[in-house]
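Worksheet: one structure, shown below.
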Amino acid sequence: MAIGILRRWAASAPVPVFIARGGGAGWRPVELAADPRVRLVPSPRHASVLLAAGRFPGPMGEALDRVHDQLPAPRAAVWWTADADAGRPAALQGASVVPGPDPVDRIVAAHRATVLGDAPSSPDVGADVPPNEFVGLGDNGHGGEGMMGGVPYGRPMAMTADDRDGLALDRLSVTLGPFLPGFTNGLQATVALQGGIVQELSLDVLDLGEGRSLDDLAGEAPTPWRTRLRWLSEALRVGGLDALAVRTARAARQGDEATSTVALVRRSGLLRSWSGIGALDGLDAASRLAGALDPSGPAPGGQADVPLDRLAASLVGSDWADVVVAICSFGFVAGENAHPRAVHR
Amino acid sequence: MSGLAVWAAPLLVAVLLAGGVYAAAVIDLATGRSVAGTGLGPSALLQPFRRAALTVVQRPSATERPDVVMWLLAPALYLGLAAAGLALVPLSPTFAIADVQAGIVVWGTIESLVIVAIFLHGWSANSLQPLLAAYRFLAVGVSYLLLSMFVLIAAAIPAESLATGQIVVSQHGLWNVVRQPLGLPLFLIVALGSATWGPLNVADGTDLAGGTTAEVSGMPLLMWRAARLAMLTSFAATVFLGGWQGPWLPGPLWVAVKTLLVLVVLAAAGHRFARVPTERFVTICWVVLLPLSFVDLAVAGVGAL
Amino acid sequence: MIIVEIGGGVGGESPGRAQVLSLLASLLAVFGTTLVATFTVVAWPRRGAAPTWAFRAPTLGGGCAETHAWSRFHARYYPMTLVFIAFEMEMMFMYPWAVVYVREGLTALVDMGVFLGLLSLGILYAWREGALRWQ
């Protein structure tokens, strides 16, 4: 066969999809986990198809470009949006646009086309240049700033800073972007880490633009319980329970009570794992999760706005993984709206 | 104690390991589907091959300045250790692939080097999220290592030998799972940790975008995933449920049945229990589980007097 | 080289030197072959263009890094690892102890009990001093 058996099998595998949630997407794309033809993956490097859901104006588009370039070939991009006429980010120039409420068919088709060679793999957006040109000084091209300094292989090495234990060890400054598991739409964290513990944290929401939401595109107004189930599916994925996340996504899609699913979540120890993390206003991540699991209970906090500044201040000194959990637990509060917007206070 | 010829041992282990990895993959898939409620179908038998094919077709990853040798060595080391573990398993009353005199010591070595392999995998990529995953796994790994040492020593006491074959023989009248009841759950925790599976999946966790695998794709990713499943299988085959002993069926078949049973338990634990945060597990391990392993050792010691 | 006579245990005979070496050789052959084979498979060069700088950027969910990730990382659990080393040294003594335990009887139990008890005091101290927490 011209196309080897490897490629034919690869084309028929469940498509690993990396979902980038933009403006107007809410938590709706998480329901895709219910479809057995796709598999949601946490890292773009595992994915074959990039599903960009919603709007990606400005900085969101730049972040999307970076993520797009990190997918390994053969890759394809699919754009699921209600506002295809609005600005199309560079990463999605060749992407097929999903016309209706369900993108899975388009995803599977794009995957098969690129793997079998019918369509070219989506080309890079970013230029093939290092982030900083390594220009050395002197005959040997050394950094020129003593022991430290210079930009080997495109980036400088981390410099020391005083640590809370009296040591002075390296501090890593990094921007962790909107497309991480558990992050709400557009939430970006600028963080300085020493040894995995957060020393400085700033949470921002990137511009999400204005327009219709994906739920409008589907012509549905999802119930609060359905939105909670969608968020719960993502939270379960963050907590390491992928199978339960699929189960929750199916329950969200079918719109049922999911009592057995909630019981399984309670028995999984997730509440105990999340206790003591991200405490703010008397509620920690576990209590927010517990509030979300109760279909008849009121939403904890209930406010549409998440106090990002106070949250960031309270998370200084935590492990980065705990920061992810804390942010994820707040996502439920913000997710009640179709356009989760968090406001600095 | 017995062993296979030097040239034949790698071949047999390769065959057993391939079968074990496939069985573990299918069991994991089936358990996941049953928990997810999507229904078990015959496609579960072929899906590991399809997913493997897709992973191979994707181009291997690269980062800006990784430690290339260590990055590629990590899955090789991991798989090699799983193979060595499988070689120690007694398959029948007269046969094990390489039943060395100090089998328990080799197991301790394997577990320690697994921690090295997983750390290397995360560190070599020179990227933040794998690095964080590697360091937090180190904390978890160092903690559960002691559990395994005590539990295996407790199993070795009535056998008066460190060889796994002798340990199986010593259970002739009474299985260890009955006379040292704490040993099995503790050893299963060690198995989960060594394969970074389920509640102890701190090395490849989704909260760090895939952890040590966040920057890995292509054949290295396939080999890494295969190595994790292989480690799970090796632990499942070793857990001292009396080894090859059992009525009616021939020895090796009993080993296979017990291995599959333990794989089902481990896969179910993986899908039903949430990941334990690093600090919490370290505290629980040192304060609760380690004293329990002391109790297990005391039970073994008193019972063998 | 002195071979410690680890007795054959329950019902077995003491193995000969050649047999011991051949078992070790088998084990090393298994480990070495699997390692080399896997490394070869993983490191096999693929056809195709070299990875671009855009592809090689670190995976941060769309964010960017200012520096390389390699750094003098503050491993905050290092006090716990010191306690671990103490236990590892004890483990080295326990391996031969386990083999001769039945022969030695109660004295062996008491000896190791004292040893473990003293080390447990170490764990208790580490726990109270917060070596198991680092946030």
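Residue numbers (the numbering used here), protein chains in the order written: chain A, 404 to 748; chain B, 73 to 377; chain C, 387 to 521. Think of the CB as a built atom: it goes at the ideal place given N, C-alpha and C, for glycine as much as any other residue. Nothing here was measured: the structure is a model prediction, and the numbers come from that model.
*Would you please state the rounded distance, in angstroms, between the beta carbons of Ala189/B and Leu149/B? I believe it to be under 8 Å.*
By 1-based counting over the second sequence, the position of residue 189/B is 117. By 1-based counting over the second sequence, the position of residue 149/B is 77. That pair is a contact at about 4 Å.
*Would you please state the rounded distance, in angstroms, between the beta carbons of Trp482/A and Leu495/A? I believe it to be under 8 Å.*
The sequence position of residue 482/A within the first sequence is 79, counting from 1. The sequence position of residue 495/A within the first sequence is 92, counting from 1. At roughly 5 Å, the Cβ-Cβ gap stays under 8 Å, so Trp482/A and Leu495/A are in contact.
*Identify whether Ala564/A lies in helix, strand or coil by the three-state DSSP scheme.*
Here residue 564/A corresponds to residue number 161 of the first sequence, with the count starting at 1. Correct three-state label for Ala564/A: strand.
*Counting only runs of 3+ residues fully inside the region 491-527 of chain A, write out the beta strand (DSSP E) ranges in chain order.*
Whole beta strand (DSSP E) segments, 3+ residues: 499-501.
*Mapping DSSP to helix, strand and coil, what is Trp316/B?*
The residue labelled residue 316/B in the question sits at position 244 within the second sequence. Low local confidence applies: a pLDDT of 49 at Trp316/B is under 50, so the model's placement there is unreliable, with the coordinate-based value given in what follows. Correct three-state label for Trp316/B: coil.
*For Leu453/A, which of helix, strand or coil comes out of DSSP?*
Stepping through the first sequence from its first residue, residue 453/A is reached at position 50. Judged by DSSP in its simplified three-state form, Leu453/A adopts strand.
*asked:* Using a Cβ distance threshold of 8 Å, determine whether the region 116-124 of chain B contacts the region 714-725 of chain A, with at least three qualifying pairs required.
replied: No, the region 116-124 of chain B is not in contact with the region 714-725 of chain A.
*asked:* Classify Met480/C: buried if its beta carbon has 16 or more other beta carbons within 10 angstroms, exposed otherwise.
replied: Mapped onto the third sequence, residue 480/C falls at position 94. With 16 or more other Cβ atoms within 10 Å, it is buried.
*asked:* Is the beta carbon of Val441/A closer than 9 Å to that of Val507/A?
replied: For the purposes of this step, residue 507/A is taken as residue 104 along the first sequence, with counting starting at 1. For the purposes of this step, residue 441/A is taken as residue 38 along the first sequence, with counting starting at 1. Taking 9 Å as the cut-off, the Cβ atoms of Val507/A and Val441/A count as close.
_Proximity below 9 Å, CB of Val214/B to CB of Met466/C_ = For the purposes of this step, residue 214/B is taken as residue 142 along the second sequence, with counting starting at 1. For the purposes of this step, residue 466/C is taken as residue 80 along the third sequence, with counting starting at 1. Cβ distance < 9 Å, so Val214/B and Met466/C count as in contact.
*Per-residue contacts from Trp326/B into chain C (C-beta, under 9 Å)*: Here the question's residue 326/B lines up with position 254 in the second sequence. Within 9 Å Cβ-Cβ: nothing; Trp326/B doesn't reach chain C, min ~20 Å.
_Which residues DSSP lists as bridging Gly699/A, in chain order_ = Taking the first residue of the first sequence as position 1, residue 699/A is located at position 296. Looking at the sequence provided, one finds Ser at residue 699/A rather than Gly. Looking at the DSSP assignment, Ser699/A forms no beta bridge with any residue, so it has no partner.
*Which two residues bound the contiguous alpha helix (DSSP H) that contains Val327/B?*
On the second sequence, position 255 is the one that residue 327/B refers to. Segment 323-344, the alpha helix (DSSP H) holding Val327/B.
*From Pro132/B to Val223/B, what does the alpha carbon distance come to, in whole angstroms?*
In the second sequence, the residue the question calls residue 132/B occupies position 60. In the second sequence, the residue the question calls residue 223/B occupies position 151. For Pro132/B and Val223/B, the distance between alpha carbons rounds to 40 Å.
_What are the residues in the region 268-284 of chain B lying within 9 Å of chain A by C-beta distance?_
Answer in chain order: Gly270, Pro271, Asn273, Val274, Gly277, Thr278, Asp279, Leu280, Ala281, Gly282, Gly283.
*Can you grab the Cα-Cα spacing for the pair Met560/A / Pro349/B, in whole Å?*
In the first sequence, residue 560/A corresponds to position 157, counting from 1. In the second sequence, residue 349/B corresponds to position 277, counting from 1. Answer to the nearest angstrom: the Cα atoms are 29 Å apart.
*asked:* Closer than 8 Å between beta carbons: that is the criterion. Which residues of the region 521-535 of chain A meet it against chain C?
replied: Contacts with chain C (Cβ-Cβ distance below 8 Å) from the region 521-535 of chain A involve Asp527, Val528, Gly529, Ala530, Asp531, Val532, Pro533, Pro534, listed in chain order.
*Residues bridged to Ile422/A by DSSP?*
What you label residue 422/A is simply residue 19 of the first sequence in a count that begins at 1. Its beta-bridge partners are Leu454/A.
_Chain-ordered chain A contacts of Ala455/C [CB-CB under 7 Å]_ = On the third sequence, position 69 is the one that residue 455/C refers to. Near Ala455/C (Cβ distances below 7 Å), the residues of chain A are Leu575.
*asked:* Residues of chain A with CB closer than 9 Å to the CB of Ala461/C, please, in chain order.
replied: Position 75 of the third sequence, counted from the first residue, corresponds to residue 461/C. Within chain A, the residues near Ala461/C are Gly598, Gly599.
*Counting Cβ pairs, one atom from each stretch, are 3 or more of them under 8 Å apart for the region 673-680 of chain A and the region 336-356 of chain B?*
The region 673-680 of chain A, when compared against the region 336-356 of chain B, does touch it at the 8 Å Cβ threshold.
*For the alpha helix (DSSP H) that contains Val665/A, what are its first and last residues?*
In the first sequence, residue 665/A corresponds to position 262, counting from 1. The continuous alpha helix (DSSP H) containing Val665/A extends over residues 662-670.
_Segment limits, beta strand (DSSP E) that includes Val348/B_ = Start at 1 with the first residue of the second sequence, and residue 348/B comes out as number 276. Unbroken run through Val348/B: none, as it is neither H nor E.
*Simplified DSSP state of Ser636/A, which is helix, strand or coil*: The residue given as residue 636/A occupies position 233 in the first sequence. Three-state DSSP puts Ser636/A in a helix.
*Hey, Ile422/A and Phe586/A: beta-carbon distance below 9 Å or not?*
Counting from one through the first sequence, the residue named residue 422/A turns up at place 19. Counting from one through the first sequence, the residue named residue 586/A turns up at place 183. No. Outside cutoff.
*Using a C-beta to C-beta distance shorter than 8 Å, which residues of chain B count as neighbours of Ala416/A?*
Position 13 of the first sequence holds residue 416/A. Here the neighbours are Gln119, Arg122, Arg123, Ala125, Leu126.
_Please report whether the beta-carbon of Gly152/B lies at a distance below 9 Å from any beta-carbon of chain C._
By one-based count along the second sequence, residue 152/B stands at place 80. For Gly152/B, the answer is yes, since a Cβ of chain C falls inside 9 Å of its Cβ.
*Are there 16 or more other CB atoms within 10 angstroms of the CB of Ser663/A, so buried, or fewer, so exposed?*
In the first sequence, the residue the question calls residue 663/A occupies position 260. Its Cβ having fewer than 16 others within 10 Å, Ser663/A is exposed.
_7 Å Cβ shell around Gly323/B - same chain, five flanking residues per side excluded_ = Against the second sequence, residue 323/B aligns to sequence position 251. If the five residues before and after Gly323/B are omitted, its C-beta is found closer than 7 Å to the C-beta atoms of Leu163, Ser164, Pro165, Trp316, all from its own chain and listed in chain order.
*If you compare alpha carbons, which of Trp195/B, Met142/B, Ala372/B is closest to Ala455/C?*
On the third sequence, position 69 is the one that residue 455/C refers to. Looking at the Cα atoms, Trp195/B is the closest of the given residues.
*What three-state label does DSSP hand Ala205/B in the structure shown?*
One-based indexing of the second sequence puts residue 205/B at position 133. DSSP places Ala205/B in helix when its eight states are reduced to three.
*Thr453/C beta carbon less than 9 Å from that of Gly152/B*: As a first step, residue 152/B is located in the second sequence; it is residue number 80 there, counting from the start. As a first step, residue 453/C is located in the third sequence; it is residue number 67 there, counting from the start. No; because the gap between Cβ atoms is not below 9 Å, this pair is not in contact.
*With distances taken between CB atoms, is the gap from Val406/C to Ile169/B smaller than 9 Å?*
Taking the third sequence and counting its residues from 1, one reaches residue 406/C at position 20. Taking the second sequence and counting its residues from 1, one reaches residue 169/B at position 97. Not in contact: Val406/C and Ile169/B (Cβ atoms no closer than 9 Å).
_CB contact flag (Ala125/B, Trp412/A, <9 Å)_ = Residue 125/B sits at position 53 when you count from the first residue of the second sequence. Residue 412/A sits at position 9 when you count from the first residue of the first sequence. In contact: Ala125/B and Trp412/A (Cβ atoms closer than 9 Å).
*Taking Thr593/A as part of the beta strand (DSSP E), name the residues at either end of that continuous run.*
Working through the first sequence from its first residue, we reach residue 593/A at position 190. In the DSSP assignment, Thr593/A falls within the beta strand (DSSP E) that extends over 590-597.
_Contacts around Leu83/B, its chain only, beta-carbon distance under 6 Å, and the 5 residues preceding and following it disregarded_ = Taking the second sequence and counting its residues from 1, the one referred to as residue 83/B is at position 11. Excluding residues up to 5 positions away in sequence, nothing lies with its Cβ nearer than 6 Å to the Cβ of Leu83/B in the same chain.
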